[in-house]
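There are 4 protein chains.
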Amino acid sequence: MTDSIKELQAEAEAFRDERNWKQFHTPKDLAISISLEAAELLEVFQWSGTDMQVTEKQNKVKEELADVLLYCFLMASAENLDIAEIMTEKLAANRRKYPVEKAYGSAKKYTEL
Amino acid sequence: MTDSIKELQAEAEAFRDERNWKQFHTPKDLAISISLEAAELLEVFQWSGTDMQVTEKQNKVKEELADVLLYCFLMASAENLDIAEIMTEKLAANRRKYPVEKAYGSAKKYTEL
Amino acid sequence: MTDSIKELQAEAEAFRDERNWKQFHTPKDLAISISLEAAELLEVFQWSGTDMQVTEKQNKVKEELADVLLYCFLMASAENLDIAEIMTEKLAANRRKYPVEKAYGSAKKYTEL
Amino acid sequence: MTDSIKELQAEAEAFRDERNWKQFHTPKDLAISISLEAAELLEVFQWSGTDMQVTEKQNKVKEELADVLLYCFLMASAENLDIAEIMTEKLAANRRKYPVEKAYGSAKKYTEL
Numbered sequence: 352m353t354d355s356i357k358e359l360q361a362e363a364e365a366f367r368d369e370r371n372w373k374q375f376h377t378p379k380d381l382a383i384s385i386s387l388e389a390a391e392l393l394e395v396f397q398w399s400g401t402d403m404q405v406t407e408k409q410n411k412v413k414e415e416l417a418d419v420l421l422y423c424f425l426m427a428s429a430e431n432l433d434i435a436e437i438m439t440e441k442l443a444a445n446r447r448k449y450p451v452e453k454a455y456g457s458a459k460k461y462t463e464l
Numbered sequence: 352m353t354d355s356i357k358e359l360q361a362e363a364e365a366f367r368d369e370r371n372w373k374q375f376h377t378p379k380d381l382a383i384s385i386s387l388e389a390a391e392l393l394e395v396f397q398w399s400g401t402d403m404q405v406t407e408k409q410n411k412v413k414e415e416l417a418d419v420l421l422y423c424f425l426m427a428s429a430e431n432l433d434i435a436e437i438m439t440e441k442l443a444a445n446r447r448k449y450p451v452e453k454a455y456g457s458a459k460k461y462t463e464l
Numbered sequence: 352m353t354d355s356i357k358e359l360q361a362e363a364e365a366f367r368d369e370r371n372w373k374q375f376h377t378p379k380d381l382a383i384s385i386s387l388e389a390a391e392l393l394e395v396f397q398w399s400g401t402d403m404q405v406t407e408k409q410n411k412v413k414e415e416l417a418d419v420l421l422y423c424f425l426m427a428s429a430e431n432l433d434i435a436e437i438m439t440e441k442l443a444a445n446r447r448k449y450p451v452e453k454a455y456g457s458a459k460k461y462t463e464l
Numbered sequence: 352m353t354d355s356i357k358e359l360q361a362e363a364e365a366f367r368d369e370r371n372w373k374q375f376h377t378p379k380d381l382a383i384s385i386s387l388e389a390a391e392l393l394e395v396f397q398w399s400g401t402d403m404q405v406t407e408k409q410n411k412v413k414e415e416l417a418d419v420l421l422y423c424f425l426m427a428s429a430e431n432l433d434i435a436e437i438m439t440e441k442l443a444a445n446r447r448k449y450p451v452e453k454a455y456g457s458a459k460k461y462t463e464l
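Taken in order, these protein sequences are the chains called L, E, B and X.
Mind the numbering: the first sequence is residues 352 to 464 in our numbering, read in order.
Mind the numbering: the second sequence is residues 352 to 464 in our numbering, read in order.
Mind the numbering: the third sequence is residues 352 to 464 in our numbering, read in order.
Mind the numbering: the fourth sequence is residues 352 to 464 in our numbering, read in order.
Shown next, in the form of C-alpha cells:
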C-alpha cells in the first residue's frame, strides 16, 4: 500500500483519463461533486440524534469519505495545486488563527475567541 | 515538503491535540464540518454562471480545498481509517461500477449507463 | 402580515427584479445558492455535540432559514413551479412511501422499512 | 389548492405527527436534513457543465425542491418561527444590505459592493 499523495493522485487521474472524463472536470462541477459526496457522508448521521458513533455504518463512512477525498484530489489536479503544500500552508494559517493559549479546549470560532 | 499521507495526518492530529479538540471530534460533527467546508469551496463558484474557471479566486480555492482535506484526514483519524487504503479500495470499486467500455466519455451515473 | 405563498413569492421576485438579478438566476446557480444557505443554517449547529437546542443562536437560525426559503421561492419562480402544488404532491408521495403502520415511531429510510 | 403558508405547514406537521416523528426533529437533525435535500436538488445539475437548463429533469427538481421546503417548514415548526414573518424580515434586511443603486445588475456579495 502506497503512502504517497502523489501516487494516489496519479491513480485517481489515471481512472479519470481512462474514461476520458477530464472534459467534465471544471472546477465548478468538481466543487459541486465534493459537496454532494460530503452530503452522502453526512447522510450516515441523519436522524442519529445524540447517537454520535453510528458504529454499524462504518462501511458507508469509509466509502463516502473516500469519495470526498478522491474528488478533492481531482480538484487539486484540475487546478494544478500541490495537495501536501496547500494542507501544510493551511495548517500554518490555522495555527496563527487559533493560538494554543486562546483555543485550548474551546470549540469557538476564531472570530469569537 | 512531505509526500506522505501518514505524516500529514499526524500533523493534523498534532494541531488538534495541542488545542485539546479531540473531545469535539465526533464523527457526526466532523461530517458536518466537512460539508460546511465543501460549501465554502463551492461558494467560490456561486453566481459564476458559465464562467467555470474563476481564475482570480484561486487563493480561496486553495484554502477551502485544504480545509475539506484536513477535516477528511481528521475524520479518518476519529474513525481509525487508513486513508490510502480506503481511497485505493474505492477506486477499485469505481472501476467495477464504471467499466471503461461503458463509461468512456459519458457523464452519466452508473445507474444510467 | 400576509399568509399567502404567492404574495411572498411576488415580493421575492420584486426584490430580484429591482436589482436586475434575474439574469444570474439559472437553476444551477440557484441550486448552489440553496445549498450554500443550507450550510450556513447547519453551521449554527457545528460542534454543538449533543447540545441540540442551541437556544442562544435563534436569531441566526431565523435569518439562515429565511435565506433558504427565499432562494427556494426564487427557484420555483425560475422553473415556473407552483410551490403549494409541489409541496402538496410531495406530501402525498411521502404518505405512500411512509405508510403510518410501517413508519410509526421509526427514523428509518423508506428503503429500510 | 391552498395558498396559505400556515395551512401547508399544518399539513406537514400532521404528516409528521401521524408517524410520531416529532421526537426525531431536533433543530440540528432538521438542519442536516435540509442540507441533504438541498444536495439532492443540486445533484440534478452535477456534470451539467454550462448546460444550465437541464429541462429533461424537471420532475426531479420539483420533488427535491419540495423536500427542501417541507423540511424548512418543519424546522420553523420545531423552532416556533413564523415563516412569513422571518421571510419578510429577511427581505427587508436584504434591501438594506443590497441597495438598488449599488446592487443593480451586479452579482457581487454585499461585502464587495
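Glycine included, each C-beta is placed from N, C-alpha and C at the ideal position.
Contact with chain B by residue i, beta-carbon distance below 9 Å
i	result
I383 of chain E	yes
K413 of chain X	yes
A389 of chain E	yes
Y461 of chain X	no
Below-9 Å beta-carbon distance, residue i vs any chain E residue
i	result
A458 of chain X	yes
S428 of chain X	no
S386 of chain X	yes
D368 of chain B	no
L421 of chain B	no
L359 of chain B	no
Residue i classed as buried or exposed, judged by whether at least 16 other C-beta atoms fall within 10 angstroms
i	result
T462 of chain X	exposed
Q374 of chain X	exposed
R447 of chain B	exposed
V395 of chain X	buried
M352 of chain E	exposed
A417 of chain B	buried
K460 of chain B	exposed
E369 of chain B	exposed
Y449 of chain B	buried
Min CB distance residue i to chain X below 9 Å
i	result
F396 of chain L	yes
K441 of chain B	yes
A454 of chain B	yes
Cβ shell of residue i (< 7 Å), same chain only, five flanking positions each side left out
i	result
L381 of chain X	Y422, L425, M426 and A429
K453 of chain X	L464
I356 of chain B	I434 and A435
Bounding residues of the alpha helix (DSSP H) (the contiguous stretch that carries residue i)
i	result
T439 of chain B	I434 to K448
V419 of chain B	Q409 to A429
D380 of chain B	P378 to E394
Q360 of chain L	I356 to E369
A454 of chain X	V451 to A454
CB contact below 9 Å: residue i versus chain L
i	result
F375 of chain X	yes
L425 of chain X	no
R446 of chain E	yes
Cut-off 8 Å between Cβ atoms - residues of its own chain near residue i, not counting five sequence neighbours on either side
i	result
T377 of chain B	A429
L359 of chain B	T353 and F424
Cβ pair residue i, residue j closer than 9 Å
i	j	result
A444 of chain L	E414 of chain E	yes
A363 of chain E	A389 of chain L	no
V412 of chain E	L432 of chain L	yes
I383 of chain X	L393 of chain L	yes
S399 of chain B	K408 of chain X	no
N410 of chain E	G456 of chain L	no
The ligand ZN heavy atom lying under 8 Å from the CB of residue i
i	result
E414 of chain X	You won't find the ligand ZN in this model; it holds no ligand whatsoever.
Same chain, Cβ closer than 6 Å to residue i, neighbours up to 5 away in sequence not counted
i	result
E391 of chain B	E415
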